[in-house]
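So the sequence shown is numbered by my numbering: it starts at -10 and just counts up by one. Even glycine gets a Cβ: it sits at the ideal position worked out from N, Cα and C.
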Amino acid sequence: MKPLLAVDGDSFAHRSYHALPKSIRRADGGPAGLLTGVGNLLVRLWEEESPRAILVAWDTLTVPTYRHLELESYQGGREFDTELLDQLDLAPQLVEAMGLANGKGDGFEADDFLAAAVAHEEAREGLTLVASGDRDMYQLASERTTILQPQRGGGALARIGPPEVREIYGVEPKQVPDFIALRGDPSDKIPGARGVGAKTAADLLSRYDDLEAALADGRFAAEAEALRLYRRIAKMDAAAPLPPLEDQRPTWGRAAELTDKWGLRRLSERLTALEAASSS
-10 MKPLLAVDGD SFAHRSYHAL PKSIRRADGG PAGLLTGVGN LLVRLWEEES
40 PRAILVAWDT LTVPTYRHLE LESYQGGREF DTELLDQLDL APQLVEAMGL
90 ANGKGDGFEA DDFLAAAVAH EEAREGLTLV ASGDRDMYQL ASERTTILQP
140 QRGGGALARI GPPEVREIYG VEPKQVPDFI ALRGDPSDKI PGARGVGAKT
190 AADLLSRYDD LEAALADGRF AAEAEALRLY RRIAKMDAAA PLPPLEDQRP
240 TWGRAAELTD KWGLRRLSER LTALEAASSS
């Protein structure tokens, strides 16, 4: 059975933007390192994983989500370079030209579309690969869902299932939102419980099935409502509206034309070769 591949577009876009030279430019002089990185990543994933379809999920930066509305500090202080934002606007066009699917919508984050994709595929008893550099994805790991995670120094993507989540965090995948609520998440500005780090959070969740059980036992009484909020923010929303996810046949030729127009010669040549190979 071929898996559905759900890709955290923003995660890999940011990695590409910071890793690739800023000297990579489009024909109009605009930046192109992010676009080059994302394009090559999607080709690599298609070739290595042979998925039945690819969904690329994106944040919507211009409209706040319920997370931003309910927790004022959520993702506070984040500022993005103009050249990064320029390419984030164009990246979904590249995905569409490749014949792949985009997940993006007001009020939802990329994470939510990934969760929705997993729920969709598990409902049809299919397999899902979730590619992301974000450990929040560990909550999606199951017998049918594997997380693909880039490693320092490059190379093959690590494959994270329930055993690896238990090894890394000391909790079950379903407990990851509780773990984040207790430990906090500095990158998203989720405070967590006072005085609780990763080890204490894991120890608590080995004694209690979830945050609610700990609260019911009288733990963190003064922080109960705040911790419930943190958990709600950490949990992905599988109700995000998905595009159709039928089996795909990539349109590498269309993508080659777009990247040639952008002046990305090497990527365009790679896509042209893929189109020729798929047509032979």
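Contacts around residue i, its chain only, beta-carbon distance under 7 Å, and the 5 residues preceding and following it disregarded
i: S39; result: K(-9)
i: S62; result: K178
i: D95; result: T49 and V52
i: A187; result: R172
i: T54; result: G96, F97 and E98
i: A190; result: F168, L171 and R172
i: A244; result: L83, A86, M87 and L260
i: L256; result: T25, G28, N29 and T248
Residue i, DSSP secondary structure in three states
i: D174; result: strand
i: P180; result: coil
i: G92; result: strand
i: V317; result: Lying outside -10 to 269, the shown extent of the chain, residue 317 is not represented and no answer is given.
i: I13; result: coil
i: Q138; result: strand
i: L(-6); result: strand
i: R243; result: helix
i: R196; result: helix
i: A191; result: helix
i: A147; result: strand
i: Q237; result: coil
i: P232; result: coil
i: V185; result: coil
i: E161; result: coil
i: E114; result: coil
Environment of residue i [buried if 16+ CB atoms lie within 10 Å]
i: T248; result: buried
i: R148; result: exposed
i: I157; result: exposed
i: V27; result: buried
i: F69; result: exposed
i: G18; result: exposed
i: S0; result: buried
i: D206; result: exposed
i: L34; result: buried
i: L58; result: exposed
i: G144; result: exposed
i: R56; result: buried
i: E36; result: exposed
i: G181; result: buried
i: R67; result: exposed
i: K93; result: buried
i: G22; result: buried
Same chain, Cβ closer than 6 Å to residue i, five either side skipped, listed in chain order
i: R133; result: E111 and L116
i: V165; result: Y127 and Q128
i: A105; result: A227, A229 and L231
i: V107; result: T117, L129 and T134
i: I169; result: A223
i: G159; result: A191
i: G242; result: E264
Boundaries (first-last residue) of the alpha helix (DSSP H) holding residue i
i: G(-2); result: G(-2) to A8
i: R254; result: R254 to S268
i: I157; result: P151 to Y158
C-beta neighbour in chain C for residue i, strict 8 Å
i: A106; result: Absence of chain C from the displayed structure is noted, only one protein chain being present.
Terminal residues of the beta strand (DSSP E) in which residue i lies
i: L129; result: That residue, L129, is in no beta strand (DSSP E); it is neither H nor E in DSSP.
Other residues of its chain near residue i: CB distance less than 8 Å, five sequence neighbours each side excluded
i: A42; result: L(-7), L(-6), L89, A90, L234, E235, D236 and Q237
Which runs of the alpha helix (DSSP H), 4 residues or longer, sit entirely within the segment 17 to 102?
22 to 38, 55 to 59 and 71 to 86
At 4 residues or longer, and completely inside the segment 201 to 229: list those alpha helix (DSSP H) runs for me, N to C.
213 to 223
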